[in-house]
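Residue numbers (the working numbering), protein chains in the order written: chain A, 1160 to 1500; chain B, 8 to 282.
Built from N, CA and C at the ideal position, the CB exists for glycine as well.
The structure displayed is predicted, hence computed values, not measured ones.
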Amino acid sequence: MSTTTKDKRSAARMLGRLVRRAETGSFLGMVVVYIFFAALGGRVFLGAPGFSSWLNTAAEVGIVALAVGLLIIAGELDLSVGSVIPASSLTVAIVSSHYGAPEIIGILAGLVVGLMVGFVNGFLVTRTSIPSLIVTIGTMFGVMGLTLGFTVLIAGSTGVFIVPDPVTKALLGQFVGGMFQVTMFWWAAFIVIVFYLLHVSPYGNWIYALGGDRESARNAGIPTRKLTIGLFMLSGFAAAFVGVGQVLTYQSAQVLTGQAFIFNSIMCVVIGGVLLTGGAGSVIGIVLGTLTFSIVNQGIFFSGLDPNIGSVIIGALLLIAVLSNDSFRKTALSFAAKKAP
Amino acid sequence: MAPIIPVLELRDVEKSFGPIDVLHEISLKVHEGEVLCLLGDNGAGKSTLIKILAGVHKPTSGTILMDGKPVEFDRPRDAADRGIATLHQFGGTFPLMSIGRSFFVGVEPQKKWGPFTVFDRKKANEIAVKAVRDFGITRIDDGDRLVGGLSGGERQSIAIARAVYFGARVLILDEPTAALGVKQAAHVLRIVNETKQRGLAVIFITHQVMHALAVGDHFAVLIRGAVAADFRKGDKTREEITDLMAGGESMADLEAELEGYAQNQEERPPSLGHT
């Protein structure tokens, strides 16, 4: 075999592999959605206001989606993120504003709340046979109740205000150029870290194996309990981080914010080609899914369409994504059969 | 010939779950470079026996010996550490992982990139593909392919190659040919033979007598949790073994009975599988 034919064949194989990747579908979906709203929304949507509005949305939900995505790849779900976000926001506001502690203490306390909820989730999921869906619904309501109770008890109302000092504000809650939330740089950092975890480090292999078959993963010597607890703590941390960013950006914390993140994060992950049953998915896919979701979510306001249509589009996208994930998986699995001998 | 001390030996192993006795006085031996075929109908206790060998269950009484010394397995990991590899019917359990990745689950080859630990994908793929090709599976040349895209026989082959690569001494194959077509099964049987030649002890669980006879050196038939027969290659014919597995009820009698039934019917007789 000459080198050129070999090159050609490997190039064809690369192309074949690219087409068979679930992310290709997510990318196409994103392009279609963007063109659609660009056509309707016109110059405003294409300009900085449009960009900043969907990137801001993407950054917040994206941080949560990355961590929730890892959990879904590992075969678990986390719905408690919806109440961890307000819990950490209020912790920051109460510790630093109500009690007047230094902001760094408040921020650390907020992040610790997320880690603790994550630990409880992971602990319950690994020590009992209760599915993570139920466990995290339980902790979601538990955390919500505790947040509401303590906030009313301590602050006497369901919202707490905070005026952050300029440094913390600049790092975590600033609008760059009056439009772009600083959170998007943190999102970028999260993308790099989670990409390293899943695709570069050996731990990624453990996560895929865990989602593929828990029993076999354990038999192969993977510390499945520790890994599961760690992943839940990561998602708790990510949600708490978003909560901290929110309170510093909007300078107030309310008890009942964050519920939208529960399904939005899962939708971003699934639109991004992650298999809901675990074992397959990628960081690039999750990022593309997040962007697609945010473009629809914000684009609708620029398009002049009834905002309710946006929900319909997102719902349809989700169904299409799940269907195409399934067929992408099938083609990926049948790759072997078609290959020339 | 086989050395005198067996690699793995069971002595009077019994297992009961509460009041239910599943295994009675099981004594078996398997030597290096030997295939022990464990035959038995469904419910004969094969799975329980495998789980005891794999460290999933502990025997209620009796001892397990490796190289003549008693051992205890508290968990599957203990058995694996001593070189007992158990493979299940469908081989690769991670259909959505690549060959290279699934080959090295839990023992990933690593390299350093600055302060970061990196999964060495290239090395993983190379080793995995080479290990499989050494067993004669030349169709596999790309470690990035998903395990789920391979045929059942190829998956079994990878699983066996993996166990051998990681230094297994005893290979337990749980019905490796049950879900396979004739050609694929022959493939797996050839690999079992190759494994034996490399000096591993193989415990081959099946209820397909033909497959057992093709590779086995030593046979044990389990009936209702007890070893009903223990014999070496050439001691018994296929018919005798099939009869034994059916619980002493003669297959020939059954065939005659079915033929009598067929003659009394207008329709086509039920086809008899001559396996």
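Kindly say whether residue i, judged by its beta-carbon, lies nearer than 8 Å to any beta-carbon of chain B.
| i | result |
| --- | --- |
| A/Asn-1484 | no |
| A/Asp-1372 | yes |
| A/Ala-1368 | yes |
| A/Ala-1480 | no |
| A/Asn-1378 | yes |
Whose CA, out of the options, lies closest to the CA of residue i?
| i | options | result |
| --- | --- | --- |
| A/Ile-1293 | A/Thr-1342, A/Val-1326, A/Leu-1236 and A/Val-1251 | A/Leu-1236 |
| B/Leu-17 | B/Leu-103, B/Leu-157, B/Asn-49 and B/Phe-80 | B/Phe-80 |
| A/Ala-1509 | A/Ile-1479, A/Val-1433 and A/Leu-1447 | Nothing in the structure corresponds to residue 1509 of chain A, since chain A is present only between 1160 and 1500. |
| B/His-95 | B/Met-104, B/Ala-227 and B/Ile-210 | B/Ile-210 |
| B/Ala-221 | B/Val-189, B/Ala-233 and B/Gly-206 | B/Val-189 |
| A/Gly-1206 | A/Gly-1315, A/Arg-1377, A/Phe-1339 and A/Asp-1485 | A/Phe-1339 |
| A/Ile-1445 | A/Gln-1418, A/Ile-1263, A/Gly-1463 and A/Ile-1231 | A/Ile-1231 |
| A/Ile-1313 | A/Ala-1398, A/Val-1240 and A/Ser-1256 | A/Ser-1256 |
| B/Gly-90 | B/Lys-65, B/Thr-67, B/Leu-60 and B/His-64 | B/Leu-60 |
| B/Lys-58 | B/Ala-87, B/Tyr-172 and B/Met-73 | B/Ala-87 |
| B/Arg-40 | B/Thr-244, B/Phe-110, B/Asp-148 and B/His-225 | Before going on, a small fix: residue 40 of chain B reads as Gly here, not Arg. Answer by Cα proximity: B/His-225. |
| B/Met-217 | B/Val-177, B/Thr-244 and B/Asp-19 | B/Thr-244 |
| A/Thr-1298 | A/Ser-1288, A/Gly-1277 and A/Gly-1318 | A/Gly-1277 |
| B/Leu-30 | B/Thr-249, B/Arg-84 and B/Leu-229 | B/Leu-229 |
| A/Ala-1398 | A/Phe-1487, A/Ala-1419 and A/Leu-1477 | A/Ala-1419 |
| B/Asn-49 | B/Ala-263, B/Glu-247 and B/Gly-232 | B/Gly-232 |
| B/Ile-198 | B/Phe-173, B/Ala-168, B/Thr-213 and B/Gln-215 | B/Ala-168 |
| B/Ser-285 | A/Val-1481, A/Thr-1183, A/Leu-1464 and A/Ala-1439 | Shown here, chain B extends from 8 to 282; a query on residue 285 of chain B therefore has no answer. |
| B/Lys-137 | B/Gly-150, B/Ser-34 and B/Gly-52 | B/Gly-150 |
| B/Arg-239 | B/Glu-262, B/Ser-23, B/Leu-43 and B/Glu-21 | B/Leu-43 |
| A/Val-1414 | A/Leu-1225, A/Gly-1241 and A/Phe-1460 | A/Gly-1241 |
| A/Gly-1318 | A/Ile-1194, A/Gly-1336 and A/Gln-1410 | A/Gln-1410 |
| B/Ala-170 | B/Phe-142, B/Lys-76, B/Glu-247 and B/Ala-185 | B/Phe-142 |
| A/Phe-1196 | A/Val-1471, A/Ala-1475, A/Gly-1437 and A/Ile-1459 | A/Ile-1459 |
| A/Cys-1427 | A/Gly-1404, A/Gln-1405 and A/Leu-1476 | A/Leu-1476 |
| A/Ala-1368 | B/Ile-144, B/Ala-263 and B/Phe-111 | B/Phe-111 |
| B/Val-63 | B/Asp-28, B/Asp-74, B/Ala-51 and B/Lys-22 | B/Lys-22 |
| B/Met-157 | B/Lys-76, B/Pro-102, B/Ala-135 and B/Ala-193 | Note that residue 157 of chain B is Leu in the sequence shown, not Met. Ranking B/Lys-76, B/Pro-102, B/Ala-135 and B/Ala-193 by Cα distance to B/Leu-157 puts B/Pro-102 first. |
For chain A, find out if any of its Cβ atoms is closer than 8 Å to the Cβ of residue i; answer yes or no.
| i | result |
| --- | --- |
| B/Pro-13 | no |
| B/Pro-26 | no |
| B/Thr-2 | The structure shown does not extend to residue 2 of chain B, since chain B is modelled only from 8 to 282, so the question has no answer here. |
| B/Thr-282 | Unreliable placement is indicated for B/Thr-282, whose pLDDT of 44 sits below 50; the coordinate value is still reported in the next sentence. No, B/Thr-282 lies away from the interface with chain A (no Cβ there is under 8 Å from its Cβ). |
| B/Phe-101 | yes |
| B/Arg-84 | yes |
| B/Ala-87 | yes |
| B/Gly-121 | no |
| B/Arg-162 | no |
| B/Gly-113 | yes |
| B/Arg-108 | yes |
| B/Met-104 | yes |
Rounded C-beta distance between residue i and residue j? I'm assuming under 8 Å.
| i | j | result |
| --- | --- | --- |
| A/Val-1341 | A/Gln-1333 | 4 Å |
| B/Leu-45 | B/Ala-235 | That belief does not hold up - the Cβ atoms of B/Leu-45 and B/Ala-235 are roughly 12 Å apart, past 8 Å. |
| A/Phe-1452 | A/Ile-1430 | 6 Å |
| A/Gly-1227 | A/Ser-1441 | One point to set straight first is that residue 1227 of chain A is Val, not Gly, in the sequence displayed. Incorrect: roughly 14 Å between the Cβ atoms, too far for contact. |
| B/Arg-146 | B/Glu-161 | 7 Å |
| A/Met-1343 | A/Asn-1215 | 7 Å |
| A/Asn-1364 | B/Glu-115 | 5 Å |
| A/Leu-1249 | A/Thr-1285 | Contact flag wrong, Cβ pair sits at about 28 Å. |
| A/Gly-1269 | A/Gly-1402 | 6 Å |
| B/Leu-187 | B/Val-195 | 7 Å |
List the residues of chain D whose Cβ lies closer than 9 Å to the Cβ of residue i, in chain order.
| i | result |
| --- | --- |
| B/Gln-117 | The chain labelled as chain D is not found among the protein chains of the depicted structure, namely A and B. |
inquiry  = I want to know whether the segment 1343-1363 of chain A touches the segment 116-123 of chain B - three or more CB-CB distances under 8 Å.
reply    = Using a C-beta cut-off of 8 Å, the segment 1343-1363 of chain A makes contact with the segment 116-123 of chain B, since at least three inter-stretch Cβ pairs fall below that distance.
ask   = When you check each C-beta in the segment 1345-1366 of chain A against every C-beta of chain B, which residues fall closer than 8 Å?
value = Tyr-1355, Val-1359, Ser-1360, Pro-1361, Gly-1363, Asn-1364 and Trp-1365
ask   = Closer than 8 Å, Cβ to any Cβ of chain A: which residues of the segment 129-155 of chain B, in chain order?
value = Arg-146, Asp-149, Asp-151, Arg-152, Leu-153 and Gly-155
ask   = Per the contact definition of three or more C-beta pairs closer than 8 Å, is the segment 86-95 of chain B in contact with the segment 178-195 of chain B?
value = A contact exists between the segment 178-195 of chain B and the segment 86-95 of chain B.
query = Do the segment 1374-1388 of chain A and the segment 1191-1211 of chain A make contact, defined as three or more Cβ pairs closer than 8 Å?
reply = no
query = Given a limit of 8 Å on CB to CB distance, which residues of the segment 1414-1448 of chain A reach chain B?
reply = Leu-1434, Gly-1438 and Ala-1439
message = Residues of the segment 1381-1398 of chain A in Cβ contact with chain B at a cutoff of 7 Å, in chain order, please.
response = Listed in chain order, the positions of the segment 1381-1398 of chain A with a beta carbon within less than 7 Å of a beta carbon of chain B are Ile-1381.
task = Could you tell me whether the segment 1382-1390 of chain A touches the segment 1241-1254 of chain A, using the rule of 3 or more Cβ pairs below 8 Å?
result = no
key: At least three beta-carbon pairs within less than 8 Å, the segment 1388-1406 of chain A to the segment 124-135 of chain B   = no
message = To be precise: take each residue of the segment 170-184 of chain B, compare its Cβ to all Cβ atoms of chain A, and keep it if any distance is under 7 Å. Which residues remain?
response = none
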